[in-house]
Structures are given as structure tokens and as C-alpha cells.
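What follows is a short report on a single structure.
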Amino acid sequence: MKPFSTFIFGLTVAFGLSFGWSPSPIFAAEPEAIAATRLASTLPREKDALAVTDHRPVIGITTLTSKTYVKAIRRCGGVPVVLPMIQGPYEEEALARIVDEYVDMIDGLLMPGGPDIPPSEWGEEVHPTTNLLDEDRYRFEKAIISTWLQRTDKPLLGICLGSQWINVAHGGSLFQDIPSAFGTNHRNISHNVVLEPDSRLSQILGGTKFEVNSLHHQAVRNVGEGLRAVATAGDGVIEATETTDPDRFLIGVQWHPEKLIPDDPAQQKLFQAFIDAAALVSH
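Its first residue numbered 1, the sequence shown is counted upward by one per residue in the working numbering.
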């Protein structure tokens, strides 16, 4: 059995690679596809080693855009692992192989916030306000969420862009710009959301009306197959979706609960429910 320190080193490498850092001449000298493959091949063994003494679930974060995601996962008892993307040209088979290894390794998947999904995913041209994901992140996140949904029933939490990915991956579409579509603004403000009382999200948060932060300019238009809209803002913008499968944890929210946790216990409940669901997988 490898020592726990090796596992921590693996996590450090994951964090570093997500910011373009190479921890050693070996990683620096190799193509990034090979480096990421080597990392992916070592982390599953470290997860198994950890599970012997500690049943905390391992949560994969597709892209680290804020340390608050890491803090929220750790606060609720999970082990956060940032999943390195492959940068630059690479073969689809290489991407699929690495994604498969990631999916097998982790107990839960967190899709965080970020720029915009290419609207070609639902057959539209790019709106002037759309800020597209870079190609590497787009290909990686599309591959991992597709594989996650097709191959597993493990927990998935999407936040902001992550929520939009959930809808698009289920065949849904997005409003590319809320101000253009609704005449209202959802960026850098706070507003109320109303939750469906029979929703899993409402049961988790313990209520049907909450004030949330808002940092987005896109939102769900047509809800994807197998999902339902479970929260809306006062202007009608869909603020959360969840799976219609009662046996699976799969929720997407447009707001950023990870930023609200220090001051809002209800928002911590969402992360706690996600971690608890992933813990069932890890046992």
C-alpha cells in the first residue's frame, strides 16, 4: 500500500496541472496527453489506499475556477481532486481513455462555473454576447459529462456553467443572453428563487424560497430529456434543474452555493447532500 503522502502528491500534481504547472522534469518533458495519462493511472490506486482507512468520497472537479469549490467539498467531508485537462491537439481515443480512468476513479463529479458552451451544441449561431469556452476545456467537459451520464449513476452537481452543461448534455438548449431574451440582468446581483415544493432540491435546502447570488448571463431554454425545472427567478428564468430519476443525485443550479456557504447554512446542505450521496458510492 502506498503512503497517504503519495495520494496528497497526486492531488498537488492535479492542482498544478490545472494551472499549467509541471511538478518535475519528467512531466515537463512529456506531451501533456502522456503526463495526464500517467497521473490518471496512479490516482485510482491512491483512492483505494485511502479507502482502507478513510471512507471520504473522492470528488472530481473538471476545472478549478475558484478555491471555494475545494473548500466546500472539504468542509462537507469530501476529498477534492482537480482533473487535469489535456491541452493542445490530441486523438479522441486518448481523450476517451483518460476520461474513462477519471470516471472510474471518482465517486462524484462537480461541474463548476465558467464561460459559455458553443451554441452549435443545440443548433444556434453564436450570439454577440457569448463568451465561448476555450477548445480544450470544451472538449474535455463535453467528453466527461457524456461519459458520466452514459456509464454511471454516480452523483453529479453542476453549478452555473455546470448546470448548463447538464441541460445541454441531456439534449436541452440555452438562452444565450438573459438581458436580450428577458430584458433583465442576472449578472453580479442577488435575487430570490422559488423552488418546486416536491423537488429533491427543495427537500435538501429545507424550503421553497431563497435569496441567491447570480453571476450568469445564460440560462436553460428547453429543458433536456430526463430533467425537470425545479427553481425559477421572478422573471421566469430557470434557476435549477434535477433528474427525474428518484434514485440518482443529479442537480444543477445557476447560482453559486459554494460562495454562500459561510453565511448561509441552507446552501451548505446542497454540498452536504452531494457528498453524502457520493459517500454511498465510495463504500
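We treat Cβ as the ideally placed atom computed from N, Cα and C, and that holds for glycine. All figures in this text were calculated on a predicted structure; none of them were measured in a lab.
Asked                                                                                                                                                            : Found
How should residue 251 be labelled, buried or exposed, when 16 other C-beta atoms within 10 angstroms of its C-beta is the threshold for buried?                 : buried
Below 6 Å, is the gap between the Cβ of residue 275 and the nearest heavy atom of the ligand GTP?                                                                : The ligand GTP is not among the ligands present in this structure, which contains no ligands whatsoever.
My assumption, with CB atoms under 8 Å, is that residue 157 sits in contact with residue 148. Please give the rounded CB distance.                               : Residue 157 to residue 148, Cβ: 11 Å. No contact.
Contact between the stretch 235 to 247 and the stretch 77 to 86: three or more CB pairs below 8 Å?                                                               : no
Opposite residue 209 in the DSSP bridges: which residues?                                                                                                        : 194
If the criterion is Cβ atoms closer than 7 Å, does the pair residue 141 and residue 62 meet it?                                                                  : yes
So who's on the other strand from residue 242, going by DSSP bridges?                                                                                            : 228, 251
Contact check, residue 248 vs residue 153 under 8 Å by CB: the rounded distance?                                                                                 : 5 Å
What residue range is occupied by the uninterrupted alpha helix (DSSP H) comprising residue 157?                                                                 : No alpha helix (DSSP H) contains residue 157, which is instead part of the beta strand (DSSP E) from 156 to 159.
Looking at residue 114 and residue 59, is the spacing between their C-beta atoms short of 7 Å?                                                                   : no
What residue from 119, 182, 185 has the CA that sits closest to residue 172's CA?                                                                                : 119
For residue 111, write down the residues that DSSP places opposite it in a beta bridge.                                                                          : 158
Check whether the stretch 212 to 225 touches the stretch 163 to 178, taking contact to mean three or more Cβ pairs, one atom from each stretch, closer than 8 Å. : yes
Who are the near neighbours of residue 163 in its chain, counting only those whose CB is closer than 6 Å to its CB and skipping five residues on each side?      : 252, 253, 254
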